[in-house]
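Just so we're aligned, residue 4 is where the sequence shown starts under my numbering, counting upward by one.
In this text, a Cβ means the ideal position worked out from N, Cα and C, and glycines have one as well.
Owing to the predicted nature of the structure, the values given are computational and were not obtained by experimental measurement.
Quick notes on the structure that follows.
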Amino acid sequence: MPPSYAQSKAVRSSVETPTEFWGVAARDISWFRTPDEILHHDPADGPNPYTWFKGGQLNTCYNAVDRHADRDHVALIYDSPITGIKQKFTYVQLLDEIQVFAGVLRSHGVRKGDTVLVYMPMIPQAVVAMLACARLGAVHSVVFGESLCTAGGFAPKELAKRIDDCKPNVIVSASFGIESTKVIPYKPLKTIGNSSLNFPHHPSIEPSTEPSPTAMLDTAISHCQHKPGIRIIYQRPEQQPASLNFDGGDRDWVQELRWVRDEGAQVKDCVSVESSDPLYILYTSGTTGVPKGVVRETGGHAVALLWTMKNLFGLKKGDTFFCASDIGWVVGHSYIVYGPLFYGITTILYEGKPISTPDAGAFWRVICEYSVSAMFTAPTAIRAIRREDPDGELPPKYHIHKTLKALFLAGERSDPGTIAYCQSVIGKNARVVDNYWSTEIGSPITATCLGLATSPTITGIAPIKPGSAGIAVPGNNVRVILDETHEEATGPGQFGNIVLKLPLTPSAFPTLWNNAAGYKKSYFERFPGYLDTGDAGIVDEEGYVHIMSRTDDIINVAGHRLSTGSIEQILSAHDAVAECCVVPIPDPLKGHKPLGFVVVKHTNHSFFGHSNDPENWTTLPPKLMAEMVQAVRRDLGAIACFEKALIVKNLPKTRSGKVLRRCIRDMVDGKEVKVPATIEDELVIGEVRDTLARVGMLAPVGGVVKAKL
4 MPPSYAQSKA VRSSVETPTE FWGVAARDIS WFRTPDEILH HDPADGPNPY
54 TWFKGGQLNT CYNAVDRHAD RDHVALIYDS PITGIKQKFT YVQLLDEIQV
104 FAGVLRSHGV RKGDTVLVYM PMIPQAVVAM LACARLGAVH SVVFGESLCT
154 AGGFAPKELA KRIDDCKPNV IVSASFGIES TKVIPYKPLK TIGNSSLNFP
204 HHPSIEPSTE PSPTAMLDTA ISHCQHKPGI RIIYQRPEQQ PASLNFDGGD
254 RDWVQELRWV RDEGAQVKDC VSVESSDPLY ILYTSGTTGV PKGVVRETGG
304 HAVALLWTMK NLFGLKKGDT FFCASDIGWV VGHSYIVYGP LFYGITTILY
354 EGKPISTPDA GAFWRVICEY SVSAMFTAPT AIRAIRREDP DGELPPKYHI
404 HKTLKALFLA GERSDPGTIA YCQSVIGKNA RVVDNYWSTE IGSPITATCL
454 GLATSPTITG IAPIKPGSAG IAVPGNNVRV ILDETHEEAT GPGQFGNIVL
504 KLPLTPSAFP TLWNNAAGYK KSYFERFPGY LDTGDAGIVD EEGYVHIMSR
554 TDDIINVAGH RLSTGSIEQI LSAHDAVAEC CVVPIPDPLK GHKPLGFVVV
604 KHTNHSFFGH SNDPENWTTL PPKLMAEMVQ AVRRDLGAIA CFEKALIVKN
654 LPKTRSGKVL RRCIRDMVDG KEVKVPATIE DELVIGEVRD TLARVGMLAP
704 VGGVVKAKL
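Below you can see the structure in the form of structure tokens.
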């Protein structure tokens, strides 16, 4: 890594002298008791024998809200294009809401160390519930309010598994959520449709006399072995109140708050917790087994996230940050809720989509309306916008260049075409920054840090290199371990397993909830002394990290190990391609060959020479196919043996934007398709299956199996 970048110097400092580096960062946190030791090492303490800020005591809610409540600055903006509701909460107002709801939780017996499950849509009450738990020293577990909702009543069983695993004393939920144009009942609803709902941008929701769909929460609890005694339900105003079973433990949010105010039972003081005490549990997506509950420690989480707000995102006091994510995802935890509030700035809670609420200018409207300084979203959201607005005609209408300084992308690999599109729409004076994450680490592993200080002898900001996820963020000792030797790469550009050498950055998880054995097996067994990220890639001669694929997304073509990501990068550079993915298909001679799946840009229909009937959109026209084959041969080599790509309307993805390549690969291989619980739209699996069937590439299979997380 070149020594000329300020970020390079900071990385070396954090790796070589972590105690000094993070000791300085910890001074920005308000401690009730300062740590005795910044980094404690006990070789007998499991596969990850390091503890951050040992002996320190603090409270997350105090650091996020209380210490900023001496001024009337806006903490939270709620913007819901789906319902038409917009609200602003100052730090003073947010603190009041938290103190009252903490009183509600305390009245139901919630104490330090207890667990509370939050199953809510993207509404302010969800943020209040999270911070109220933190205020009491309770551990919250937030579950996506809508993303688990798939056909056939599958979602309640997945929610039930999470309830049984974390055993919450209380569940906090809402009457319903909204997913695109669908109402998702959490509790039994009387009617669904425009007769009782206010969805100004969704006339497609028609009044219905059909019985209410399954009440997700009630059905989930019916599957649980652990039965939480209390369920606090927020009745959303867009719908007639849901039916509550008070004898069975249901409680009304508004009534509970009114009682606390009348009794003066607000929780005015924050509970002091140990730095190593858990703040939250967040369950990761997967395809088999019991859900993995990632545990986040209180102290390291606060120190690391606060450091990133200033030094990575380059934000200043008074800025507004827009993270277009979901609070049920790690990015939403870190950068909708905690990070911005730790820093005392304004954060935006957005209940909408990148397109269709009402159009592909939705994000740009938010940036303009609230003078957003920096935005964070997933590449898949940008690809959806690009597909609808390939020429970038909408952003100039909102003059986003006046305030937007940076656009950060994470969740799925950002191809150079997506980076270039972003740069063209946000303007030359703003930066597009790809950054690489994992739920387990809790903050960016690699990125370009925009806020690090400069000096006369140090170049400030490392240049952006499209196709890479930047260089290591301080605190992350990124290495490459080769499959052949199980040893570290000896030079740049060697393809292998991306790992993190211990100690991990302070925001990283110390264990899995009630699963120490799984923690060791999943992350440290293959490469002791390193965390196995499960990703494959290279570190180039300038220290830039290129994440090419998951380690199970490697194609072995006649003995040559190729990354799916390297082929996808080439295909996505074509003007006709909105997004794509590549999976291996069996080949009797080569072992495997790559097969592409391409989503085309809407404005390029005529380019394909097909009719507008999507049923005819299966194979690429010969000219376009030849161009793609030639591009792969030119940029990767003939060894790739890339010969075929199919057209699909959409790619199957998780809610966080990760393409479910394994599901497609299993269809081709004739295996059971195990659909993860976090899939965004299960119907897309059927669409891909139909495409494969039309070209005779669908192998016999036992059927689709929904995930057992």
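- By a beta-carbon distance limit of 8 Å, Leu162 does not contact Cys136. Their separation comes to about 18 Å.
- By the criterion of at least three beta-carbon pairs nearer than 8 Å, the segment 63–72 is not in contact with the segment 223–233.
- Nearest to Thr622 by C-alpha distance, out of Ile588, Ile348 and Phe600, is Phe600.
- Its Cα nearest to that of Leu42, the residue Thr22 stands out among Thr22, Val27 and Ile32.
- With contacts defined by Cβ atoms closer than 8 Å, Asp538 and Ile501 form a contacting pair.
- Ranked by how close their Cα comes to the Cα of Ser566, the residues Val580, Arg390, Gly454 and His595 have His595 in first place.
- According to the DSSP secondary-structure assignment, Asp82 is paired through a beta bridge with Lys89 and Tyr353.
- As for any alpha helix (DSSP H) of minimum length 4 sitting wholly inside the segment 96–175, the runs are 127–139 and 157–169, ordered along the chain.
- Counting along the chain, Asp693 sits inside the alpha helix (DSSP H) bounded by residues Leu686 to Arg697.
- Beta bridge pairing from DSSP links Leu515 with Val297.
- Note that the segment 566–581 does not touch the segment 514–523; fewer than 3 beta-carbon pairs, one per stretch, sit closer than 8 Å.
- For Thr488, the number of other beta carbons within 10 angstroms of its own is below 16, and it is reported as exposed.
- The DSSP-derived three-state label of Val306 is helix.
- In the assembly as shown, Ala702 is an exposed residue. Its beta-carbon has fewer than 16 other beta-carbons within 10 Å.
- Linking His226 to Val306 through their CA atoms gives a straight-line distance of about 39 Å.
- In the structure shown, the three-state DSSP call for Asn62 is coil.
- For Gly342, the three-state secondary structure derived from DSSP is helix.
- Inter-segment contact for the segment 497–515 and the segment 392–406 is absent: fewer than three beta-carbon pairs are separated by less than 8 Å.
- When DSSP states are grouped into helix, strand and coil, Trp332 belongs to the coil group.
- Under DSSP, the beta-bridge partners assigned to His549 are Ile541.
- Under the three-state reduction of DSSP output, Ala648 falls in the strand class.
- Annotated three-state conformation of His595 is strand, per DSSP.
- In the same chain as Gln128, and ignoring 5 residues on each side of it, the C-beta atoms closer than 6 Å to its own belong to Tyr237, in chain order.
- Where Leu285 is concerned, the enclosing beta strand (DSSP E) starts and stops at Pro281 to Tyr286.
- Pairing His336 with Gly420, the inter-Cα distance amounts to about 29 Å.
- Glu544 is classed as exposed because its beta carbon has fewer than 16 other beta carbons within 10 Å across all chains shown.
- By alpha-carbon distance to Glu241, the top candidate from Glu675, Asp272, Ala105 and Thr86 is Thr86.
- Beyond the five residues adjoining it in sequence on each side, Leu410 comes within less than 6 Å, by CB distance, of Met378, Cys425, Ile429 and Val435 in the same chain, given in chain order.
- Under DSSP, Trp55 takes part in a beta bridge, and its partners are Leu42.
- The beta carbon of Gly180 is closer than 6 Å to those of Pro124, Gly148, Glu149 and Ile187 in its chain, skipping five residues each way along the sequence.
- Straight across, the Cα-Cα distance linking Gly106 with Arg264 is about 9 Å.
- Bridge partners of Met628 according to DSSP: none are assigned.
- Three or more Cβ pairs drawn from the segment 368–383 and the segment 340–358 lie within less than 8 Å of each other, which places the two stretches in contact.
- For Phe179, the beta-bridge partners assigned by DSSP are Pro188.
- Every alpha helix (DSSP H) of 4 residues or more that sits fully in the segment 413–437 is shown, in chain order, as 419–429.
- When only Cα atoms are considered, Arg30 and Leu309 end up about 11 Å apart.
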